[in-house]
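Counting with my numbering, you get residues 66 to 618 for the letters of the sequence shown.
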Amino acid sequence: MPRRVITTAPARHPWLRVGLVTLFMLVLAMLGASPAHAHAELVGTDPSDGAVRQTAPEVVILTFNEPVSPVEGALTLFEPGGRSARVTAVSRDRQVRIIMPTSMGEGTYQLVWRVASDDGHPINGVLTFHIGQPGTTNPAAATVRDNTAVGTIVTALTGLQYLGMLLGAGMATFTVLVQQGTALGDRFDRQVRRIATWAWVVAVLATALLVPFQTVRVLGLGPGTVLRPSQWWPDVLEAQLFALAFMVVGAVGAVLLRRLRIGALVAVAAALVAPVLIGHTRTVPPIPVMALVDWVHLATAAVWLGGLVCLVVAARARPDDESGGTLATMVARFSGVALVSVGVLAAAGVLMAWLVTRDLWSLPSTNYGRTLLVKVALVAVAVALAIWNRFGLLPWLRRQPGDRAPARRLRRVLIAEAGVLVLVVAVTGSLTQLTPHPSVAGPSGGTAAEVRVTSQGLSVEGTITPLLAGANTFEMTLAYHGAPVAGGQVEVTASLPEKQLGPLPAAVRPVESTPGRYRVELTLPTAGVWQVHVGARVSQFEQPVAVVKVPVR
66 MPRRVITTAP
76 ARHPWLRVGL
86 VTLFMLVLAM
96 LGASPAHAHA
106 ELVGTDPSDG
116 AVRQTAPEVV
126 ILTFNEPVSP
136 VEGALTLFEP
146 GGRSARVTAV
156 SRDRQVRIIM
166 PTSMGEGTYQ
176 LVWRVASDDG
186 HPINGVLTFH
196 IGQPGTTNPA
206 AATVRDNTAV
216 GTIVTALTGL
226 QYLGMLLGAG
236 MATFTVLVQQ
246 GTALGDRFDR
256 QVRRIATWAW
266 VVAVLATALL
276 VPFQTVRVLG
286 LGPGTVLRPS
296 QWWPDVLEAQ
306 LFALAFMVVG
316 AVGAVLLRRL
326 RIGALVAVAA
336 ALVAPVLIGH
346 TRTVPPIPVM
356 ALVDWVHLAT
366 AAVWLGGLVC
376 LVVAARARPD
386 DESGGTLATM
396 VARFSGVALV
406 SVGVLAAAGV
416 LMAWLVTRDL
426 WSLPSTNYGR
436 TLLVKVALVA
446 VAVALAIWNR
456 FGLLPWLRRQ
466 PGDRAPARRL
476 RRVLIAEAGV
486 LVLVVAVTGS
496 LTQLTPHPSV
506 AGPSGGTAAE
516 VRVTSQGLSV
526 EGTITPLLAG
536 ANTFEMTLAY
546 HGAPVAGGQV
556 EVTASLPEKQ
566 LGPLPAAVRP
576 VESTPGRYRV
586 ELTLPTAGVW
596 QVHVGARVSQ
606 FEQPVAVVKV
616 PVR
């Protein structure tokens, strides 16, 4: 009696494992699916934005959260009446000191500034201050914009750089760690070699083009300036040239040394250093730890993407392998490597996200965070497809070696998984150009928050403006069990627990015309959800305290 072959889907039992592993990997991906990046941020100015001074300042000081450099020719002071004048500046560590003209009359002044952080990204804004009586502002100074075309080109080139580098590095690693000892044939070897070589060519060309375009973006110039090297070459960062050198050496070494296992891996490691040299991790302490974690993150992502592409090539290069036996062997080998890679990838992402943001809950409030969540969703899809391959299709294929249906489905799912990862790389290209925190662009970007809190019988009502990093004003009314708090000792401090800042004391002045009314000058030097503690001595033994949460951009 002939034996019947039952071609059914995998048993239900593996689905429990698939679901649990999918949930676990999704949580890891949400915490760290992408390299975390940060830009420099303005944390304070002297004079403060909107300040009224009786005498003209000799210098204007901009303080940032990391070292920056002023962009030559990009600092403009708009004087009363609309006249403009170029001003010069010097930088020292985290401060930029801008030299003011010697003769400044009364009125409103607007300083348009532009600086570059150590990672090569531009930051700009407008600072408004008044001398004597405030006057009218200049609408031309109120808007500072980057060149959209240059930003788009830089994003596209960054995506191509990542795609080519990860693909070339991952395919080289696959041939060393997975392919060794298998007989996939000359056709597979030729196709892998051709794809990897073109991937390296794309990575090198993209890295080379990023040198002028990133520099032009920092200077705030248009894309046509790239054709005039005399205007941008003096401002090229050394890190960009070192990154190009590492990419060229790594790419050439990976192609020429592909038959030497150790040599190929060393070349791949060198190429993966390039993005680290010009990435945001150069500015996030501890810098050595961040750089190492960033490199590990890139290496594990390369193993995943390059390995998937090699499996797709193997599936298409062996049309005689209809039953999928050879492909099943390769998928089984790669699964072990990929499992370790994805685990390390997630762990590295978690560590980087913690070092940079210290607050993952604020991600939906920024363009960076929303883009990151899109990438997280794509990574979750790729992880789910990978788990389905490993725990669903692969066991099915092994149980039914004569059935072509699971082999065909396995090939299609591999292609889909690789396609999703290409989309992940594209989103990564845009992520590298965004900041985790909203930029500070002057008073026009500020808002007001209504406050109404009651604690321990103490009620606090008022308004806080402008909710931007730097100087903020808190107009508040205090009452204790309904009676105005007047004449008592009022203390206000601010803390940012997520960054271990504070308590920072604030200046409190009573408004004499209104009992229980106070004006508080708060200095909140960086973005985050601050906790403002308001305490009032209402008797010899009672000092109630109310806590107001203030989101600062």
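Heads up, the beta-carbon is just placed ideally off N, CA and C, and yes, glycines get one too.
{"query": "Through-space distance from V267 to Q565, alpha-carbon basis", "result": "44 Å"}
{"query": "C-alpha gap between P554 and V576, whole angstroms", "result": "In the sequence as presented, Pro is not what sits at residue 554; that position holds Gln. Cα-Cα distance, rounded: 14 Å."}
{"query": "Boundaries (first-last residue) of the alpha helix (DSSP H) holding T240", "result": "213 to 242"}
{"query": "Helix, strand or coil at H186 according to DSSP, with G and I counted as helix", "result": "coil"}
{"query": "Within 8 Å, strictly: CB atoms of Q160 and L127", "result": "yes"}
{"query": "Simplified DSSP state of G567, which is helix, strand or coil", "result": "strand"}
{"query": "Length of the line joining the Cα atoms of D300 and I164", "result": "21 Å"}
{"query": "Candidates G172, I529, A261: closest to E515 by CA position", "result": "I529"}
{"query": "6 Å CB neighbourhood of A304 in its chain, flanking five on each side removed", "result": "L342, I343"}
{"query": "Burial state of K614, where buried means 16 or more other Cβ atoms lie within 10 Å", "result": "exposed"}
{"query": "Neighbour-count burial assignment, F253, 16 or more Cβ in a 10 Å radius", "result": "buried"}
{"query": "Whether G285 touches P187 by CB criterion (8 Å)", "result": "yes"}
{"query": "Range of the contiguous beta strand (DSSP E) that encloses A154", "result": "154 to 157"}
{"query": "Where E171 falls, given that 16 or more other Cβ within 10 Å makes a residue buried", "result": "exposed"}
{"query": "Reference S604, options P145, A310, G115, Y545, closest by Cα", "result": "Y545"}
{"query": "Exposure of I218, with buried meaning 16 or more beta-carbon neighbours within 10 Å", "result": "buried"}
{"query": "Span separating the alpha-carbon of A601 from that of L192", "result": "35 Å"}
{"query": "Three-state class that DSSP yields for A551 in the structure shown", "result": "coil"}
{"query": "8 Å Cβ shell around A319 - same chain, five flanking residues per side excluded", "result": "G233, A234, A237, A261, W265, A329, A332, V333, A336"}
{"query": "Unbroken alpha helix (DSSP H) run spanning V314, endpoints", "result": "303 to 321"}
{"query": "Span separating the alpha-carbon of S113 from that of V489", "result": "41 Å"}
{"query": "Within the segment 320 to 344, ranges of the alpha helix (DSSP H) (whole runs, at least 4 residues)", "result": "326 to 336, 338 to 343"}
{"query": "Assumed close pair L459, A397 - CB separation to whole angstroms, cut-off 8 Å", "result": "6 Å"}
{"query": "Coarse secondary structure for L363, derived from DSSP in three states", "result": "helix"}
{"query": "Span separating the alpha-carbon of V599 from that of Q608", "result": "10 Å"}
{"query": "Reduced DSSP secondary structure (H/G/I, E/B, other) of F129", "result": "strand"}
{"query": "Inter-residue spacing [alpha-carbon to alpha-carbon] between P135 and V354", "result": "28 Å"}
{"query": "When V405, G138, S400 are compared against N454, the one with the closest alpha-carbon", "result": "S400"}
{"query": "A154 vs L142 beta-carbon contact at 8 Å", "result": "no"}
{"query": "Q605, DSSP secondary structure in three states", "result": "coil"}
{"query": "V276 - containing alpha helix (DSSP H), residue span", "result": "251 to 284"}
{"query": "Under 8 Å between C-beta atoms of L587 and V597", "result": "yes"}
{"query": "For V610, the nearest candidate out of A559, R282, R574 (CA to CA)", "result": "A559"}
{"query": "Residue range of the unbroken beta strand (DSSP E) whose run includes N537", "result": "535 to 545"}
{"query": "Span of the beta strand (DSSP E), counted from its first residue to its last, around D111", "result": "107 to 111"}
{"query": "Distance between G527 and L569 (C-alpha atoms, nearest Å)", "result": "20 Å"}
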